[in-house]
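Everything below concerns the one structure shown next.
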């Protein structure tokens with residue numbers, strides 16, 4: 111399984127599946143933070159965006175994802191102030207430049223992104239920016255990898271471990287996988303040769319029965335990760351449960367702001383009452399994210415669900431399986 | 035979402051740096067990589083340098099890839 115959506119895209123884009131022998135099957139995992147954001151959480155973001163005097167800021171790929179009833183893009187079209195930002199630092203500057211508004215950042219992302227968000231909170235505190243808020247929907251990779259393996263729905267021999275998440279967390283957090291599950295793990299880069307090297311190393315582990323965590327992406331990942339980034343994350347966030355689309359609530363798999371940074375917490379500083387969440391009928395994103403189905407199994411795929419009119423997040427996100435199959439695969443056979 | 039691309043550090047000013055990606059320059063934060071030096075390549079993710087790219091390891095990987103292609 112390639113866990114990370116970025117690897118799924120690279121594998122498809124560079125025709126790697128067609129190069130691999132029939133004995134190797136690649137399954138896509140839930141490593142797309144946009145795709146795994148549950149409707150309940152997206153509905154919260156949309157409810158916050160409707161509040162008066164609020165500027166809602168978000169990474170671009172979240173804007174078009176349909177929640178239960180709406181999306182941030184539709185909310186913007188309705189006249190609410192919703193702005194796409196490239197960097198969380200841009201959201202902070204919007205807060206600094208608009209002191210009479212409340213600026214809420216919709217925090218999506220795994221461990222690659224969470225340290226940048228942590229840095230923005232510390233910067234806000236340091237610069238006295240008191241109108242900046244975070245809705246933390248951040249999630250952690252090793253816990254969901256464990257949850258997926260414990261579900262036992264897919265039998266894996268190897269995992270292409272995330273590249274840039276590992277730049278932050280290093281390779282040690284994956285050690286439980288070869289140790290407890292006898293599954294090969296290799297951290298991969300994103301160039302086509304990086305991925306082929308990774309698969310070669312995985313096959314080697316499987317064939318020799320020597321399961322371990324190796325790093326193929328050594329120019330970008332150290333075993334100990336980025337200690338400064340980890341320190342920033344640890345200063346600002348604590349581990350909490352998180353709601354994963356298609357999987358449900360998983361303990362200790364998310365991040366929330368520590369009590370000390372409560373003043374920046376959008377969840378506790380604003381009063382919202384979104385309508386009960388619901389899932390889009392027929393959408394298979396949930397089981398696709400667990401590697402149990404592919405987009406080809408979904409009746410909506412390339413019919414009522416296309417990049418122009420997406421039903422679920424896997425078709426919206428640039429790293430979603432459905433968008434990847436649509437753009438780079440054969441929509442009939444994969 | 036976890037996309038990060040290599041960028042060359044052109045200058046540093048406190049917690050910010052000017053980087054260059056193929057001629058396009060931008061101010062980014064180096065709060066996650068305070069050890070970075072001018073001339074380093076960093077992995078850039080949403081306006082933050084998340085890692086300094088290890089040139090020796092990059093060369094090592096290229097060597098490994100060349101060896102791999104020779105075996106096949």
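Residue numbers (this note's numbering), protein chains in the order written: chain B, 111 to 444; chain Z, 35 to 106.
Don't be surprised by glycine CBs; every beta carbon is placed ideally from N, CA and C.
Taking one C-beta from the stretch 256 to 274 of chain B and one from the stretch 228 to 240 of chain B each time, how about it: are there three or more such pairs within less than 8 Å? Touching, no.
Would you say residue 65 (chain Z) lies against chain B (beta-carbon separation less than 7 Å)? Here residue 65 (chain Z) corresponds to residue number 31 of the second chain, with the count starting at 1. Contacts with chain B at 7 Å (Cβ-Cβ) include residue 65 (chain Z).
What residue does the beta strand (DSSP E) around residue 353 (chain B) start on, and which one ends it? Reading the first chain from its first residue, position 243 is the one you call residue 353 (chain B). Annotation for residue 353 (chain B): the continuous beta strand (DSSP E) segment containing it runs 347 to 354.
Quick one, which residues of the stretch 291 to 316 of chain B are near chain Z if we go by CB-CB under 7 Å, in chain order? Result list: 303, 307 and 310.
For residue 177 (chain B) versus residue 208 (chain B), is the C-beta spacing smaller than 7 Å? The residue given as residue 177 (chain B) occupies position 67 in the first chain. The residue given as residue 208 (chain B) occupies position 98 in the first chain. Not in contact: residue 177 (chain B) and residue 208 (chain B) (Cβ atoms no closer than 7 Å).
Is it true that the CB of residue 227 (chain B) sits closer than 7 Å to the CB of residue 198 (chain B)? Taking the first chain and counting its residues from 1, one reaches residue 198 (chain B) at position 88. Taking the first chain and counting its residues from 1, one reaches residue 227 (chain B) at position 117. With contacts defined by Cβ atoms closer than 7 Å, residue 198 (chain B) and residue 227 (chain B) form a contacting pair.
Residue from B:276, B:217, B:252 and B:279 with nearest C-alpha to residue 362 (chain B): Sequence index remark: in the first chain, residue 362 (chain B) carries index 252 (1-based). If we check each option's Cα against that of residue 362 (chain B), B:252 comes out closest.
Return yes when the Cβ of residue 139 (chain B) is within less than 7 Å of the Cβ of residue 122 (chain B), no when it is not. The count along the first chain starts at 1 and reaches residue 122 (chain B) at position 12. The count along the first chain starts at 1 and reaches residue 139 (chain B) at position 29. Contact check for residue 122 (chain B) against residue 139 (chain B) fails: the beta carbons are separated by 7 Å or more.
By DSSP's criteria, residue 40 (chain Z) is part of a beta bridge. Which residues make up the other side? Taking the first residue of the second chain as 1, we reach residue 40 (chain Z) at position 6. Within the DSSP bridge table, the entry for residue 40 (chain Z) names Z:77 as partners.
Check whether the Cβ atoms of residue 365 (chain B) and residue 229 (chain B) sit closer than 7 Å, and answer yes or no. Position 255 of the first chain, counted from the first residue, corresponds to residue 365 (chain B). Position 119 of the first chain, counted from the first residue, corresponds to residue 229 (chain B). Here residue 365 (chain B) is not near residue 229 (chain B), since their CB atoms are 7 Å or more apart.
Where DSSP assigns a beta bridge to residue 46 (chain Z), which residues make up the other side? For the purposes of this step, residue 46 (chain Z) is identified with residue 12 of the second chain, where counting begins at 1. Within the DSSP secondary-structure output, residue 46 (chain Z) pairs in a beta bridge with Z:51.
Using the rule of at least 16 other Cβ atoms within 10 Å of the residue's Cβ for burial, across every protein chain shown, is residue 248 (chain B) buried or exposed? As a first step, residue 248 (chain B) must be located in the first chain, where it is residue number 138. Residue 248 (chain B) is buried by the Cβ-count criterion.
By a C-beta neighbour count over all protein chains shown, 10 Å radius and 16 as the cutoff for buried, is residue 446 (chain B) buried or exposed? Residue 446 (chain B) lies beyond the range of chain B shown here (111 to 444); nothing can be said about it.
Closer than 9 Å by beta-carbon distance: list the chain B residues that pair up with residue 46 (chain Z), in chain order. Stepping through the second chain from its first residue, residue 46 (chain Z) is reached at position 12. Neighbourhood of residue 46 (chain Z) in chain B, by CB distance below 9 Å: empty, with the nearest CB roughly 15 Å away.
Whether or not the stretch 276 to 293 of chain B and the stretch 321 to 339 of chain B are in contact is what I'm after, with contact meaning three or more pairs of Cβ atoms, one per stretch, closer than 8 Å; do they touch? Because the criterion of three Cβ pairs below 8 Å is met, the stretch 321 to 339 of chain B and the stretch 276 to 293 of chain B touch.
Residue 275 (chain B) - containing alpha helix (DSSP H), residue span: By one-based count along the first chain, residue 275 (chain B) stands at place 165. That run of the alpha helix (DSSP H) goes 274 to 279.
Verify the CB distance criterion: does residue 196 (chain B) have a CB-CB separation below 7 Å to chain Z? Within the first chain, residue 196 (chain B) is the residue found at index 86, counting from 1. Under the Cβ distance rule, residue 196 (chain B) counts among the residues neighbouring chain Z, one pair being separated by less than 7 Å.
Can you tell me which residues form a DSSP beta bridge with residue 295 (chain B)? Taking the first chain and counting its residues from 1, the one referred to as residue 295 (chain B) is at position 185. According to DSSP, residue 295 (chain B) bridges with B:269 and B:323.
Separation of residue 38 (chain Z) from residue 337 (chain B), as counted between CA atoms: By 1-based counting over the first chain, the position of residue 337 (chain B) is 227. By 1-based counting over the second chain, the position of residue 38 (chain Z) is 4. Cα to Cα, the separation comes out at about 18 Å.
DSSP state of residue 140 (chain B), grouped into three classes? Residue 140 (chain B) sits at position 30 when you count from the first residue of the first chain. Judged by DSSP in its simplified three-state form, residue 140 (chain B) adopts strand.
Test: residue 82 (chain Z) CB closer than 7 Å to a CB of chain D: Any reference to chain D falls outside this structure, whose protein chains are B and Z.
Cβ-Cβ distance between residue 427 (chain B) and residue 144 (chain B) below 7 Å: Taking the first residue of the first chain as 1, we reach residue 427 (chain B) at position 317. Taking the first residue of the first chain as 1, we reach residue 144 (chain B) at position 34. Yes, Cβ-Cβ distance for residue 427 (chain B) and residue 144 (chain B) is below 7 Å.
What does the Cβ neighbour count give for residue 167 (chain B), buried or exposed, with the cut at 16 atoms within 10 Å? Position 57 of the first chain, counting from 1, holds the residue named residue 167 (chain B). Looking at its Cβ environment, which holds 16 or more other Cβ atoms inside 10 Å, residue 167 (chain B) is buried.
With 8 Å as the limit, tell me which residues of the stretch 206 to 222 of chain B have their beta carbon closer than that to any beta carbon of chain Z; keep them in chain order. Interface annotation for the stretch 206 to 222 of chain B against chain Z: 218, 219, 220 and 222, criterion Cβ-Cβ distance under 8 Å.
Integer Cβ distance of residue 307 (chain B) from residue 102 (chain Z), believed to fall under 8 Å: Mapped onto the first chain, residue 307 (chain B) falls at position 197. Mapped onto the second chain, residue 102 (chain Z) falls at position 68. Yes, residue 307 (chain B) and residue 102 (chain Z) are in contact; Cβ-Cβ is about 7 Å, under 8 Å.
So that I know if they touch, is there some Cβ in chain Z lying closer than 7 Å to that of residue 116 (chain B)? Start at 1 with the first residue of the first chain, and residue 116 (chain B) comes out as number 6. For residue 116 (chain B), the answer is yes, since a Cβ of chain Z falls inside 7 Å of its Cβ.
What are the boundary residues of the alpha helix (DSSP H) that includes residue 180 (chain B)? The sequence position of residue 180 (chain B) within the first chain is 70, counting from 1. Note, residue 180 (chain B): premise wrong, no alpha helix (DSSP H); not H, not E.
Hey, could you find the ends of the alpha helix (DSSP H) residue 153 (chain B) is sitting in? Counting from one through the first chain, the residue named residue 153 (chain B) turns up at place 43. Element bounds for residue 153 (chain B): 149 to 159.
If you reduce the DSSP assignment to three classes, tell me which class residue 334 (chain B) lands in. The residue you call residue 334 (chain B) lines up with position 224 of the first chain. If DSSP states are grouped into helix, strand and coil, residue 334 (chain B) belongs with coil.
With three or more beta-carbon pairs closer than 8 Å as the criterion, would you say the stretch 39 to 56 of chain Z touches the stretch 425 to 439 of chain B? At 8 Å Cβ cutoff, the stretches do not touch.
Can you list, in chain order, the residues of the stretch 264 to 283 of chain B whose Cβ is nearer than 8 Å to any Cβ on chain Z? Of all residues in the stretch 264 to 283 of chain B, only 272, 273, 274, 275, 277 and 278 come within less than 8 Å of chain Z when Cβ atoms are compared, listed by chain position.
Using CA atoms only, rank isn't needed, just tell me which of B:403, B:291 and B:312 is closest to residue 134 (chain B). Position 24 of the first chain holds residue 134 (chain B). Taking each of B:403, B:291 and B:312 in turn and checking the Cα distance to residue 134 (chain B), the smallest one comes out for B:312.
The stretch 380 to 411 of chain B: positions lying closer than 9 Å to chain Z by Cβ: Listed in sequence order: no entries.
Residue range of the unbroken beta strand (DSSP E) whose run includes residue 416 (chain B): Here residue 416 (chain B) refers to the residue found at position 306 of the first chain. Residue 416 (chain B) -> no beta strand (DSSP E), and no H or E assigned at all.
Please list the partners that residue 226 (chain B) has in chain Z, where partner means a Cβ-to-Cβ separation under 9 Å. Taking the first chain and counting its residues from 1, one reaches residue 226 (chain B) at position 116. The contacting residues are 63, 65, 66, 79, 80, 81, 82 and 84.
When you compare the CB of residue 101 (chain Z) with every CB in chain B, is at least one pair closer than 7 Å? Here residue 101 (chain Z) refers to the residue found at position 67 of the second chain. Chain B contact via Cβ: absent.
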